[in-house]
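Asks: In the UniProt record's numbering, the protein residues as written are 1 to 401. Glycine included, every Cβ here is placed at the ideal spot set by N, Cα and C. Dropping the structure in here first, questions after.
The following block contains the structure:
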């Protein structure tokens, strides 16, 4: 087994299954080697002594109180507050706190860090043994190894990363600001073995200190960043995805998951995001168009608007179905303008919408127009995926007719 770091720092009694099919699970580091590996990585990343490089790692609170400012927040005080506040509502946190009093704060962070495990089919151990042999045979030589993308360590960690983007998309609670993030903060399974200043890791620790002073989440939009509040939702969504994977949708879901990762990791252009997310909706809902029609694009557009609006309305009947259909029409029209290079037409749409936005927001910019389309598109796409989870047969029927 191997693992990637997640954004969550929280002690859990036993592993949480994300996928039986792929042997994915959430866990804390259990072995001495795992704890030391994460501890050493955190120590390097959180180092206060690297003055010339300190700013790279982002803001971080002191580890201990030096006595000069007795009320200052430190990692040590944050951990104490975490144990007190979450120990009141989670028996295992209380039990864990009683066995960890002698640990230093950074090692405690490592012990509580939630990791996402995947099956590397023994490759990490093979590579370790090979490395040790080379060091013994050629102690003075420097070397590197090139590993094929089909190697289980690379292949399976990528599937886990892809899967995490789809899973996060389906359980997040922030409809306003979510931007296709993942709960996993590492891209490479081997990162931990090359310690460095890691802004993402330091941000996770900073978020831990922020959340440690209360076990109450005051805003619905913040719940998905708090493991205590989102744990059951992660388990629920994972169970539903596993069912779909075993019901013949494996290739389709993995393809969608890969696109979700690309959007989250590699796309900064809102136009690209619009085309890609709309493409996922088309994949789920539209069938081959009637090529005897004069306007094939119009045929797909009508399918897209009608089928998507039905499922989105079923997902949330408090919405007006005609408003949904109209917004879907705007989304698909701009998707077509971008895909076919009709940037003058796209510019006219943006200018028109910007004038409307400026009436309520004097600081609105033209970039907001496509961003707002993508915000609504994410909500719509999630609704369609949730309806697929609820009733695969219905979505299949709608797609084929």
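Hey, how far is the Cα of residue 168 from the Cα of residue 69?
Replies: 39 Å
Asks: Please go through the same chain and pick out, in chain order, the residues whose beta-carbon is closer than 8 Å to the beta-carbon of residue 391, but skip the five residues on each side of it.
Replies: none
Asks: Nearer than 7 Å: is that true of the beta carbon of residue 197 relative to any heavy atom of the ligand ZN?
Replies: The ligand ZN is absent from the structure shown, which contains no ligand whatsoever.
Asks: What are the start and end residues of each continuous alpha helix (DSSP H) run of 4 or more residues lying completely inside the segment 317-354, in chain order?
Replies: Counting only runs that start and end inside the segment 317-354, the alpha helix (DSSP H) elements of at least 4 residues fall at 321-339.
Asks: Taking C-beta to C-beta, are residue 220 and residue 375 nearer than 8 Å?
Replies: no
Asks: On the three-state DSSP scale, how would you describe residue 114?
Replies: strand
Asks: Once the 5 residues before and after residue 259 are set aside, which same chain residues still bring their CB inside 7 Å of it?
Replies: 276 and 280
Asks: Between the C-alpha atoms of residue 11 and residue 337, what's the straight-line distance to the nearest angstrom?
Replies: 49 Å
Asks: Does the beta-carbon of residue 120 have 16 or more other beta-carbons within 10 angstroms, so that it is buried, or is it exposed?
Replies: buried
Asks: Note down the Cα distance separating residue 3 from residue 157, rounded to an integer number of angstroms.
Replies: 8 Å
Asks: Which partner residues of residue 184 appear in the DSSP bridge assignment?
Replies: Its beta-bridge partners are 6.
Asks: Can you tell me whether residue 19 is helix, strand or coil according to DSSP?
Replies: Strand.
Asks: Check whether the segment 210-229 and the segment 81-92 are in contact - that is, three or more C-beta pairs closer than 8 Å.
Replies: yes
Asks: With a threshold of 16 other CB atoms inside 10 Å of the CB of residue 64, please say whether the residue is buried or exposed.
Replies: By the C-beta density criterion, residue 64 is exposed, having fewer than 16 other C-beta atoms within 10 angstroms.
Asks: Identify the continuous beta strand (DSSP E) that holds residue 251 and give its terminal residues.
Replies: Segment 250-266 is the alpha helix (DSSP H) holding residue 251; no beta strand (DSSP E) there.
Asks: Where does the unbroken beta strand (DSSP E) through residue 27 begin, and where does it stop?
Replies: Counting along the chain, residue 27 sits inside the beta strand (DSSP E) bounded by residues 24-27.
Asks: Using only CA atoms, which one of 394, 60 and 34 lies nearest to residue 198?
Replies: 60
Asks: Would the beta-carbon of residue 110 fall within 8 Å of that of residue 39?
Replies: yes
Asks: Under a Cβ-count criterion, where at least 16 other Cβ atoms within 10 Å of its own Cβ denotes burial, should residue 26 be classed as buried or exposed?
Replies: So residue 26 counts as buried.
Asks: Would the beta-carbon of residue 42 fall within 8 Å of that of residue 112?
Replies: no
Asks: Measuring only the C-alpha atoms, how far is residue 6 from residue 270?
Replies: 26 Å
Asks: Is residue 62 helix, strand or coil by DSSP?
Replies: coil
Asks: Candidates 312, 387 and 318: which alpha carbon is nearest residue 328's?
Replies: 312
Asks: Considering only the alpha carbon of each residue, which of 368, 401 and 381 lies closest to residue 170?
Replies: 381
Asks: Report the CB separation of residue 118 from residue 160 in whole angstroms; it is logged as a contact under 8 Å.
Replies: Going by Cβ atoms, the distance from residue 118 to residue 160 rounds to 4 Å, so yes, they are a contact pair.
Asks: Tell me the residue span of the alpha helix (DSSP H) that contains residue 391.
Replies: Counting along the chain, residue 391 falls outside any alpha helix (DSSP H), and DSSP gives it neither H nor E.
Asks: With residue 194 as the anchor, note down where its alpha helix (DSSP H) starts and where it stops.
Replies: Going by DSSP, residue 194 is part of no alpha helix (DSSP H) at all; its letter is neither H nor E.
Asks: What are the boundary residues of the alpha helix (DSSP H) that includes residue 95?
Replies: 91-99
Asks: Figure out for me which residue from 232, 46 and 140 has the closest Cα to the Cα of residue 74.
Replies: 46
Asks: Using only alpha-carbon positions, find the residue among 224, 155 and 201 that is nearest to residue 174.
Replies: 224
Asks: Closer than 8 Å by C-beta to residue 274: which residues in its own chain qualify, once you throw out the five before and the five after it? Chain order, please.
Replies: Scanning its chain for C-beta atoms nearer than 8 Å, with the 5 sequence neighbours on each side dropped, one finds around residue 274 the residues 331, 334, 335, 338, 370, 373, 374 and 377, in chain order.
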